[in-house]
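Engineer:
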Amino acid sequence: MAAWLERNVPKLVLAPSFVAVLVFVYGFIAWTAWVSMTRSRLLPKYEIEGFIQYDRLFAAPRWDTAINNLFVFGALFIAVSMLLGLLLAILLDQKIRAEGALRTIYLYPMALSMIVTGTAWKWIMNPGLGIEATVRGWGFEGFSFDWVIDPDMAIYAIVIAGVWQASGFVMALFLAGLRSVDEEIVKAARVDGIPTWRIYSAIIIPSMMPIFLSAFIVLAHLAIKSFDLVIALTGGGPGYATDLPATYMYAMAFSRGDLGQAASSAMVMMAVVFAIVVPYLYSELRAKRD
Amino acid sequence: MNKPAFAAVVAAAFVSASSAFAEPQAEVLHWWTSGGEAKSVAVLQQEFAANGGTWTDMPVAGGGGDAAMTALRARVLSGNAPTAVQLKGPAIQEWYEEGALADISAVAEAEGWANVLPASIAGHMQCEGAWCAAPVNVHRVDWIWANADILTANGIAMPGTWDEFNAAAEKLQAAGIVPLAHGGQAWQDATVFEAVALGILGADGFRKAFVELDENALTSDAMVAVFDQMRTMRGYVDRNFSGRDWNLATAMVMNGEAAFQIMGDWAKGEFLAAGKAPGVDFLCASTPGDGFLYNVDSFAMFNVDGEDKRAGQALLAKLIVGKNFQKVFNLNKGSIPARTDVALDEFDSCAHLSARDMAASSESGSLLPSYAHGMALRGAQSGAITDVVTAHFNSDMSSADAVKMLAEAIANSM
Amino acid sequence: MTDPARGLPAAPRAGQAALRWLLFAILGLFALFYLMPLFVMIATSLKSLEEIRAGSLVALPARVTFEAWGTAWSSACTGIQCEGLRPYFWNSVSLSVPAVAISTLLGAVNGYVIAQWRFRGANLIFSLMLFGCFIPFQVVLLPMARTLGFMGLTGSISGLVFVHVIYGIGFTTLFFRNYYVTIPVELVKAAKVDGAGFFRIFWSVFMPLSLPILMVTVIWQFTQIWNDFLFGVSFSQAGTQPVTVALNNIVNSTTGVKEYNVDMAAAIIAALPTLFVYAVAGKYFIRGLTAGSVKG
Numbered sequence: 264m265a266a267w268l269e270r271n272v273p274k275l276v277l278a279p280s281f282v283a284v285l286v287f288v289y290g291f292i293a294w295t296a297w298v299s300m301t302r303s304r305l306l307p308k309y310e311i312e313g314f315i316q317y318d319r320l321f322a323a324p325r326w327d328t329a330i331n332n333l334f335v336f337g338a339l340f341i342a343v344s345m346l347l348g349l350l351l352a353i354l355l356d357q358k359i360r361a362e363g364a365l366r367t368i369y370l371y372p373m374a375l376s377m378i379v380t381g382t383a384w385k386w387i388m389n390p391g392l393g394i395e396a397t398v399r400g401w402g403f404e405g406f407s408f409d410w411v412i413d414p415d416m417a418i419y420a421i422v423i424a425g426v427w428q429a430s431g432f433v434m435a436l437f438l439a440g441l442r443s444v445d446e447e448i449v450k451a452a453r454v455d456g457i458p459t460w461r462i463y464s465a466i467i468i469p470s471m472m473p474i475f476l477s478a479f480i481v482l483a484h485l486a487i488k489s490f491d492l493v494i495a496l497t498g499g500g501p502g503y504a505t506d507l508p509a510t511y512m513y514a515m516a517f518s519r520g521d522l523g524q525a526a527s528s529a530m531v532m533m534a535v536v537f538a539i540v541v542p543y544l545y546s547e548l549r550a551k552r553d
Numbered sequence: 014m015n016k017p018a019f020a021a022v023v024a025a026a027f028v029s030a031s032s033a034f035a036e037p038q039a040e041v042l043h044w045w046t047s048g049g050e051a052k053s054v055a056v057l058q059q060e061f062a063a064n065g066g067t068w069t070d071m072p073v074a075g076g077g078g079d080a081a082m083t084a085l086r087a088r089v090l091s092g093n094a095p096t097a098v099q100l101k102g103p104a105i106q107e108w109y110e111e112g113a114l115a116d117i118s119a120v121a122e123a124e125g126w127a128n129v130l131p132a133s134i135a136g137h138m139q140c141e142g143a144w145c146a147a148p149v150n151v152h153r154v155d156w157i158w159a160n161a162d163i164l165t166a167n168g169i170a171m172p173g174t175w176d177e178f179n180a181a182a183e184k185l186q187a188a189g190i191v192p193l194a195h196g197g198q199a200w201q202d203a204t205v206f207e208a209v210a211l212g213i214l215g216a217d218g219f220r221k222a223f224v225e226l227d228e229n230a231l232t233s234d235a236m237v238a239v240f241d242q243m244r245t246m247r248g249y250v251d252r253n254f255s256g257r258d259w260n261l262a263t264a265m266v267m268n269g270e271a272a273f274q275i276m277g278d279w280a281k282g283e284f285l286a287a288g289k290a291p292g293v294d295f296l297c298a299s300t301p302g303d304g305f306l307y308n309v310d311s312f313a314m315f316n317v318d319g320e321d322k323r324a325g326q327a328l329l330a331k332l333i334v335g336k337n338f339q340k341v342f343n344l345n346k347g348s349i350p351a352r353t354d355v356a357l358d359e360f361d362s363c364a365h366l367s368a369r370d371m372a373a374s375s376e377s378g379s380l381l382p383s384y385a386h387g388m389a390l391r392g393a394q395s396g397a398i399t400d401v402v403t404a405h406f407n408s409d410m411s412s413a414d415a416v417k418m419l420a421e422a423i424a425n426s427m
Numbered sequence: 006m007t008d009p010a011r012g013l014p015a016a017p018r019a020g021q022a023a024l025r026w027l028l029f030a031i032l033g034l035f036a037l038f039y040l041m042p043l044f045v046m047i048a049t050s051l052k053s054l055e056e057i058r059a060g061s062l063v064a065l066p067a068r069v070t071f072e073a074w075g076t077a078w079s080s081a082c083t084g085i086q087c088e089g090l091r092p093y094f095w096n097s098v099s100l101s102v103p104a105v106a107i108s109t110l111l112g113a114v115n116g117y118v119i120a121q122w123r124f125r126g127a128n129l130i131f132s133l134m135l136f137g138c139f140i141p142f143q144v145v146l147l148p149m150a151r152t153l154g155f156m157g158l159t160g161s162i163s164g165l166v167f168v169h170v171i172y173g174i175g176f177t178t179l180f181f182r183n184y185y186v187t188i189p190v191e192l193v194k195a196a197k198v199d200g201a202g203f204f205r206i207f208w209s210v211f212m213p214l215s216l217p218i219l220m221v222t223v224i225w226q227f228t229q230i231w232n233d234f235l236f237g238v239s240f241s242q243a244g245t246q247p248v249t250v251a252l253n254n255i256v257n258s259t260t261g262v263k264e265y266n267v268d269m270a271a272a273i274i275a276a277l278p279t280l281f282v283y284a285v286a287g288k289y290f291i292r293g294l295t296a297g298s299v300k301g
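Residue numbers (my numbering), protein chains in the order written: chain W, 264 to 553; chain Z, 14 to 427; chain B, 6 to 301.
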């Protein structure tokens, strides 16, 4: 008995979390799948009606916009935040005197509620109030920065605010990763006269691949759940040009009392995420197997 | 739930409200959280307390009640419904159909609500013949606000038709003034749209299109004309209108940057808070056309256990429609009382106009629910309309395409 | 110039001083970008409402007043109570601290098992937990409400702690697993040879190595939980509402008079505990903890 316990301790330790995830994530996904097949409005109903909600979803022009925006926003937001986070982490890792202060400055945006910072960004990006007006005030009359009011460009304005909010955390993640790299190897490389950029690109960064996975998952999670950001900055506008699946889903589920529709949009969104995340996960976990 | 038995309990609680039978309790979910609104609802809490009740406040602001409705659903599903909830429009009937609402007919009948409320507003408070909600106020949505000095300086009167409005706007634009202060948020686009629609379609056309969702009315030439007027008005807003909060648009009118704003009577609160006087600094009028679009706030009582809570519901319902609360609340909020027998001596000229128009339009059958503020339609349908309205206003979509899209969106929302 | 406690030796030659200045310039420019919205928020919070209404939104205040800060803290209306954010802070603290502690600890142990005690199916379990990070919270709200009602945790702080722990496990496990997986397995083998058991190795070998990732996890969890609105508003009742609900009530009124100065001050005040956590956690971003011990 004691030996069995000893042998199975790791599994027993993992079991409660695993069960919780099974029930509260996968159980609830199954629930959502069920509700997406019903005509639920204000509250969930459980009579299966077939794929009616999916038909409605794919017939809605607003959903097209939302899912397209998810690709544009998601790709840019993840790529830019990742690069910027890595760059800042490497620069901060150069024995910077004010590292503590700078690190907090890069991190603080995540602490502030987007409900309010969104208002600040809205003013900053508004051509009549913020950057454009200020730069023109300096005498550069031709300067223009009006993304937030342009239906074709507004989604990029959201990318800027999103990167501003999330890149600091990615920086912290990479910084922790950099500090876990075995410094003996780095010292040895330096003694061999390898230039700093080569040490980073050939030794340090490849050894941090699992940290990239963490950063990717966190950013992808933030991208698909970006809700406050959109609501506060553009409210989904101009028109519904900056609608994202998360705002669509919320509007359907709670403002419009159209729960079945919200559930079907959630299922489609999870399918998209699944299609992107699973191959990455597969290659990442396979490569790590000894 | 056994309705007659419950009605008897409410009646008993009501009759013996002052006896020691059950101390009234209420947990109240509402979204009135800022300055004037919070003060207004605090009046109710004070009256409730003065009658021996204990009020537990459960405020959730955001999205015009969206966040509160989210919390409400979670609370109901977890079997812990709040005692009383700020709820309005067809959502009241939707919740009733889910079997979540309590019947307050005993109070309503004892207080004679049917005699003091305009019929169309009373209709919103009834579910399958029973009273299920208590109205607090009447906001008028189809207001047009103006900067008095600008109008005088440019020799412009408040417009009586949309053509007059367009002519005035052209004149102002030539003078370098932004004709229409507007915030490009979906609900503000919808607010302007329904004011235009009421003017162009008329009361009957509006009812057919936005209450009955009649397909012919939705695809009529008159509806194309409504979108045409929206396109014209798109030319009268400034370049930076996207995403602007409504109160900043009001500030533009106050500061003389813009001449007009189309917004419900909560805009009056902004003017008054800045120390501006109605009729002197700013002008109020109904938007061109006949009719009155109302946005009525109300409270519904949820099914709860416990004599004390039911006593609380009965007392609350009685106080909400009581004359004193109706007066004090609406003085603070900028709206007018829902009951028609409250003396309006202390109200300002805009409120008097509103009350007069409400009585007249109630007579003539043009007292209509606001679609943009969730009074006319269930969420799925009103949301579908707003999607089209805001997509049209913020792009170069043609009016014919917009009308086609409108019909499709409504069909898809069913 | 080399500091033994930190990794990369600074550039030794004087010719590289220019490079260092460039480095500082770049970091400084980024700092300005990050600080821009904070500048707008602080400037606005120090203005009077008249000044804001007159159209000055992005400019510096003409006359500085701290009134809005006092209002936000102790007298702004969040409903019929006008006591500012103050009464709600304790709710947030008493739900964040246990939720962060429990989810972080669980994540550390889970990550340790998955990365270092690999067994058949461990990677599958990890993938399942990981994919769970993507479930939209909007759809779990209603079934979760039912569950909490069933468990008798409706409207309570414990209920909120429970929800945050459940939906935090995926992330915390992710962070620790991906950190521990870079540590050679020889470490565990060596410790086993020394006779140490599962928990002993975790506490005395792995925890001491984990400070940076522990801090990253605490930063993440604390931020997520402290700033959460959706769960906070749905699973609380009068008396247990967290500070984000109060902030939302101050800021998000639709038809009331908007007081931007109070809004901005309230947002900064509500963020102070999180900023404090960042500043404290930042001190543990140190290198060299693993030096020597890792090479087994």
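In this text, a Cβ means the ideal position worked out from N, Cα and C, and glycines have one as well.
If you're wondering where the values come from, they're calculated on a predicted model, not measured in any experiment.
CA-CA distance, B/R225 and W/G400?
Structural biologist: It should be noted that the sequence gives Trp, not Arg, for residue 225 of chain B. Distance between the alpha carbons of B/W225 and W/G400: 40 Å.
Engineer: I need the boundaries of the alpha helix (DSSP H) containing Z/R352, first residue and last residue.
Structural biologist: No alpha helix (DSSP H) holds Z/R352; DSSP gives it neither H nor E.
Engineer: Could you tell me which residues DSSP puts in a beta bridge with Z/L380?
Structural biologist: Bridge partners of Z/L380: Z/F305.
Engineer: Taking Cβ-Cβ distances shorter than 9 Å, what residues in chain W pair up with B/P213?
Structural biologist: Near B/P213 there are no residues of chain W at all, since even the closest Cβ is about 13 Å away, more than 9 Å.
Engineer: Quick check on DSSP: helix, strand or coil for W/R360?
Structural biologist: Correct three-state label for W/R360: coil.
Engineer: On the criterion of 16 or more Cβ atoms from any shown chain inside 10 Å, does Z/N407 qualify as buried, or is it exposed?
Structural biologist: Buried is the call here.
Engineer: Ignoring anything shorter than 4 residues or poking outside the stretch 438-509 of chain W, list the alpha helix (DSSP H) runs there in chain order.
Structural biologist: Listed in chain order, the complete alpha helix (DSSP H) runs (minimum 4 residues) inside the stretch 438-509 of chain W are 446-454, 472-488, 491-496.
Engineer: Mind checking if W/L365 is an interface residue toward chain B, Cβ cutoff 8 Å exclusive?
Structural biologist: So, interface residue.
Engineer: Classify W/I494: buried if its beta carbon has 16 or more other beta carbons within 10 angstroms, exposed otherwise.
Structural biologist: Buried, by the Cβ-count rule.
Engineer: Hey, quick one: how far does the alpha helix (DSSP H) through Z/D176 stretch, first residue to last?
Structural biologist: Counting along the chain, the alpha helix (DSSP H) containing Z/D176 begins and ends at 175-187.
Engineer: Does DSSP put B/I274 in a helix, a strand or coil?
Structural biologist: Correct three-state label for B/I274: helix.
Engineer: Reducing DSSP to helix, strand and coil, say where Z/E36 ends up.
Structural biologist: In the structure shown, Z/E36 sits in coil (DSSP, three-state: anything other than H, G, I, E or B).
Engineer: Got a sec? Which residues, its chain only, sit under 7 Å from W/S528 by beta carbon, not counting five neighbours each side?
Structural biologist: Closer than 7 Å at the Cβ level, and outside the excluded window around W/S528, lie L320, W326, P508, Y511, M512, M515.
Engineer: Excluding five sequence neighbours on each side, which residues of the same chain lie with their C-beta closer than 7 Å to the C-beta of Z/D409?
Structural biologist: No residues qualify anywhere along the chain.
Engineer: Does chain B have any CB closer than 8 Å to the CB of W/R442?
Structural biologist: Yes, W/R442 lies at the interface with chain B (some Cβ there is under 8 Å from its Cβ).
Engineer: So, helix, strand or coil for Z/V73, using DSSP?
Structural biologist: Three-state DSSP puts Z/V73 in coil, outside helix and strand.
Engineer: With respect to the beta strand (DSSP E) encompassing Z/H152, which residues constitute its N-terminal and C-terminal limits?
Structural biologist: Where Z/H152 is concerned, the enclosing beta strand (DSSP E) stretches over 150-153.
Engineer: Between the C-alpha atoms of Z/D79 and W/A452, what's the straight-line distance to the nearest angstrom?
Structural biologist: C-alpha separation (whole angstroms): 59 Å.
Engineer: Using a Cβ-Cβ distance cut-off of 8 Å, determine whether Z/T232 contacts chain B.
Structural biologist: No, no contact with chain B.
Engineer: Determine, for W/R552, whether the minimum Cβ-Cβ distance to residues of chain Z falls below 8 Å.
Structural biologist: Per-residue confidence for W/R552 stands at a pLDDT of 48, beneath the threshold of 50, marking its modelled position as unreliable; the derived number appears in the next sentence. Closer than 8 Å: no.
Engineer: Please state whether the Cβ-Cβ distance between W/W384 and B/P66 is less than 8 Å.
Structural biologist: For W/W384 and B/P66, no; Cβs fall outside 8 Å.
Engineer: Report buried or exposed for W/M264, applying the criterion of at least 16 other Cβ atoms within 10 angstroms of its Cβ.
Structural biologist: Burial call: exposed.
Engineer: Could you tell me whether the Cβ of B/W26 comes closer than 8 Å to any Cβ of chain A?
Structural biologist: The question asks about chain A, but that chain is absent: this structure's protein chains are W, Z and B.
Engineer: Taking the alpha helix (DSSP H) that B/P148 falls in, what are its first and last residues?
Structural biologist: B/P148 -> alpha helix (DSSP H) spans 142-156.
Engineer: Nearest chain W C-beta to Z/S31 closer than 8 Å, yes or no?
Structural biologist: Here the model assigns Z/S31 a pLDDT of 42, short of 50, so the residue's position is not dependable, and the following value carries that caveat. Z/S31 does not count as touching chain W.
Engineer: I think W/G520 touches Z/A393, with their Cβ atoms under 8 Å apart; what is that distance to the nearest whole Å?
Structural biologist: Confirmed, about 6 Å.
Engineer: Which residue spans inside the stretch 78-149 of chain B form an unbroken alpha helix (DSSP H) run of at least 4?
Structural biologist: List check, alpha helix (DSSP H) in window: 91-121, 127-136.
Engineer: Roughly how many angstroms separate the alpha carbons of W/N438 and B/F290, rounded to a whole number?
Structural biologist: Residue identity check: residue 438 of chain W is Leu in the sequence provided, not Asn. Going by the C-alpha atoms only, they are around 8 Å apart.
Engineer: Quick check on B/N232: does DSSP put it in helix, strand or coil?
Structural biologist: Correct three-state label for B/N232: helix.
Engineer: Please determine, among Z/N128, Z/W200, Z/E124, Z/K336, the residue with the shortest C-alpha to C-alpha distance to Z/G76.
Structural biologist: Looking at the Cα atoms, Z/W200 is the closest of the given residues.
Engineer: Can you name the start and end residues of the beta strand (DSSP E) that W/W401 belongs to?
Structural biologist: W/W401 -> no beta strand (DSSP E), and no H or E assigned at all.
Engineer: For B/M220 and B/S209, I'd like the C-alpha separation in whole angstroms.
Structural biologist: B/M220 and B/S209: Cα-Cα distance of roughly 18 Å.
Engineer: Using only the alpha-carbon positions, how far apart do Z/M71 and Z/V54 sit?
Structural biologist: Spanning the two alpha carbons is a distance of roughly 12 Å.
Engineer: Which of the three DSSP states, helix, strand or coil, is assigned to Z/H386?
Structural biologist: Reduced to three states, the DSSP call for Z/H386 is coil.
Engineer: Around the C-beta of Z/F337, are 16 or more other C-beta atoms found within 10 angstroms, so that it is buried, or is it exposed?
Structural biologist: Per the sequence shown, the amino acid found at residue 337 of chain Z is Asn instead of Phe. Counting Cβ neighbours within 10 Å, Z/N337 comes out exposed, since fewer than 16 surround it.
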